Amino acid sequence: MEKEIHKMALYYILNNINIPYLGLSKGKMGLSLFYFHYSMHTHNSVYEQFAYELLNDIIEDINDEMPISFSSGICGIGWGIEYLAHYGFLKENTDEILNEMDLQVMLYDSTRFTNYSLYDGLEGIICYVLSRILSTRQVGSSHSFDFNYINNLYKTCKQIPKTEQEQCIGIFINWFEQQQISYSFNTILNQIYSIYLKEVNYKNNWQKYLVRLANNQLANL
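Position one of the sequence shown corresponds to residue 97 (my numbering), numbered consecutively onward.
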């Protein structure tokens, strides 16, 4: 597997591949996670440099017309940035990067969601909101989600039958009611890519290698 991962890592760097998507499941955000993990795996800063280049491209190109979804939209991108900060890949203040995204997310009326999935539904929004609530931040810095938005989100989640509640929806309800939270970034990473990998037919892709690298490295943290 080592040779396959190395070949994949070199492929995007040496061939200057145009990646048309920004999102988490098949775009620059997910690929950036792969290169950060591969840099840790190889102790090679070249891969970290490329990961930062991808991240800068995302921040420059993100716009108001992007979907909100976790798989390909702003929630997944924002979650990916919090993921990098949570595991120490990113040292910057995520509030400075993500407050505009928070405001974009709040423009969507959560009460109108009928899709509760992680991939492109309410669960994905909740995953992002939880990552922002959990974020380690400097004194005086905060996320942009106001009480009314959080309260409406809670009411929406409570109306969902328990049989239809995904993991993060349940975690969010528990946090709102009891101020207790148990949230695993790596579990979410595994979930989103297990969904994606079921949809594609080819065996060699960076998504598969990202999951393997992350599971091996994060188990030792």
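All residues carry an ideal CB built from backbone N, CA and C; glycine is no exception. This structure is a prediction, so every number in the text was calculated from the model and none was measured.
(request) Check whether the Cβ atoms of residue 191 and residue 227 lie closer than 8 Å to each other. (result) Here the question's residue 191 lines up with position 95 in the sequence shown. Here the question's residue 227 lines up with position 131 in the sequence shown. No, Cβ-Cβ distance for residue 191 and residue 227 is not below 8 Å.
(request) Under 7 Å Cβ to Cβ from residue 254, same chain only, skipping five residues before and after it: list those, please. (result) Taking the sequence shown and counting its residues from 1, the one referred to as residue 254 is at position 158. Closer than 7 Å at the Cβ level, and outside the excluded window around residue 254, lie 269.
(message) Assuming residue 311 is part of the alpha helix (DSSP H), what are its boundary residues?
(response) Taking the first residue of the sequence shown as position 1, residue 311 is located at position 215. Element bounds for residue 311: 302-314.
(request) Rounded to whole angstroms, what's the CA-CA distance from residue 193 to residue 102? Just pull it up for me. (result) Along the sequence shown, one-based indexing puts residue 193 at 97. Along the sequence shown, one-based indexing puts residue 102 at 6. Roughly 31 Å between the two C-alpha positions.
(message) Counting C-beta neighbours from all protein chains within 10 Å, is the total for residue 284 16 or more, i.e. buried, or is it exposed?
(response) What you label residue 284 is simply residue 188 of the sequence shown in a count that begins at 1. Flag for residue 284 reads buried.
(request) Determine contact between the segment 162-170 and the segment 145-153, defined as no fewer than three beta-carbon pairs at a distance below 8 Å. (result) no
(message) Taking contact to mean 3 or more Cβ pairs, one atom from each stretch, closer than 8 Å, check whether the segment 175-189 and the segment 206-215 are in contact.
(response) no
(message) Along the chain, where does the alpha helix (DSSP H) containing residue 294 start, and where does it finish?
(response) Taking the sequence shown and counting its residues from 1, the one referred to as residue 294 is at position 198. Residues 281-295.
(message) Given a cut-off of 8 Å on the beta-carbon distance, is the pair residue 214 and residue 176 in contact?
(response) If you number the sequence shown from 1, residue 214 lands on position 118. If you number the sequence shown from 1, residue 176 lands on position 80. Taking 8 Å as the Cβ cut-off, residue 214 and residue 176 do not qualify as a contacting pair.
(message) Does the segment 303-311 come into contact with the segment 116-135, if we say contact requires no fewer than three beta-carbon pairs (one atom in each stretch) closer than 8 Å?
(response) yes
(request) Just list the alpha helix (DSSP H) runs in the segment 165-201, keeping only unbroken ones of 4 residues or longer that don't cross its boundaries, in chain order. (result) 170-182
(request) Measure the alpha-carbon distance for residue 249 versus residue 157 and round it to whole angstroms. (result) Residue mapping note: residue 249 aligns to position 153 of the sequence shown, counting from 1. Residue mapping note: residue 157 aligns to position 61 of the sequence shown, counting from 1. Straight-line Cα distance between these residues: approximately 28 Å.
(message) Quick check on residue 266: does DSSP put it in helix, strand or coil?
(response) On the sequence shown, position 170 is the one that residue 266 refers to. Reduced to three states, the DSSP call for residue 266 is helix.
(message) Please list the terminal residues of the continuous alpha helix (DSSP H) segment that includes residue 154.
(response) Along the sequence shown, read from residue 1 onward, the residue named residue 154 stands at position 58. Taken as a continuous stretch (DSSP letters only), the alpha helix (DSSP H) holding residue 154 covers 141-157.
(message) Is the separation between the beta-carbon of residue 262 and that of residue 219 shorter than 8 Å?
(response) The sequence position of residue 262 within the sequence shown is 166, counting from 1. The sequence position of residue 219 within the sequence shown is 123, counting from 1. Against a cut-off of 8 Å, the Cβ pair of residue 219 and residue 262 comes out as a contact.
(request) Work out the CA separation of residue 251 and residue 244 for me, nearest whole Å. (result) Indexing the sequence shown from 1 puts residue 244 at position 148. Indexing the sequence shown from 1 puts residue 251 at position 155. Rounded to the nearest angstrom, the two C-alpha atoms are 11 Å apart.
(message) For a test of the three-state rule: what should DSSP assign to residue 239, helix, strand or coil?
(response) Sequence index remark: in the sequence shown, residue 239 carries index 143 (1-based). It is coil, neither helix nor strand.
(request) Could you pull out every residue in the same chain whose Cβ sits closer than 8 Å to the Cβ of residue 260, ignoring the five residues on either side in sequence? (result) Counted from its first residue, the sequence shown places residue 260 at position 164. 212.
(message) Just to confirm, is the Cβ distance from residue 282 to residue 314 under 8 Å?
(response) Mapped onto the sequence shown, residue 282 falls at position 186. Mapped onto the sequence shown, residue 314 falls at position 218. Result yes, Cβ atoms of residue 282 and residue 314 sit closer than 8 Å.
(message) Considering only the alpha carbon of each residue, which of 302, 222, 289, 291 lies closest to residue 271?
(response) Counting from 1 along the sequence shown, the entry for residue 271 is found at position 175. Cα-wise, what sits closest to residue 271 is 222.
(message) Whole angstroms are fine: how far does the CA of residue 265 sit from the CA of residue 136?
(response) Within the sequence shown, the letter at position 40 stands for residue 136. Within the sequence shown, the letter at position 169 stands for residue 265. Going from the Cα of residue 136 to the Cα of residue 265 covers about 32 Å.
(message) What does the alpha-carbon distance come out to for the pair residue 375 and residue 155?
(response) Given a span of 97 to 317 for the chain in the structure shown, any question on residue 375 remains unanswerable.
(request) Compute the Euclidean distance between the alpha carbons of residue 171 and residue 201, then round it to the nearest angstrom. (result) One-based indexing of the sequence shown puts residue 171 at position 75. One-based indexing of the sequence shown puts residue 201 at position 105. About 8 Å.
(request) Report, in whole angstroms, the separation of the C-beta atoms of residue 277 and residue 267, which I expect to be a contact under 8 Å. (result) Here residue 277 refers to the residue found at position 181 of the sequence shown. Here residue 267 refers to the residue found at position 171 of the sequence shown. Contact flag correct, Cβ pair sits at about 6 Å.
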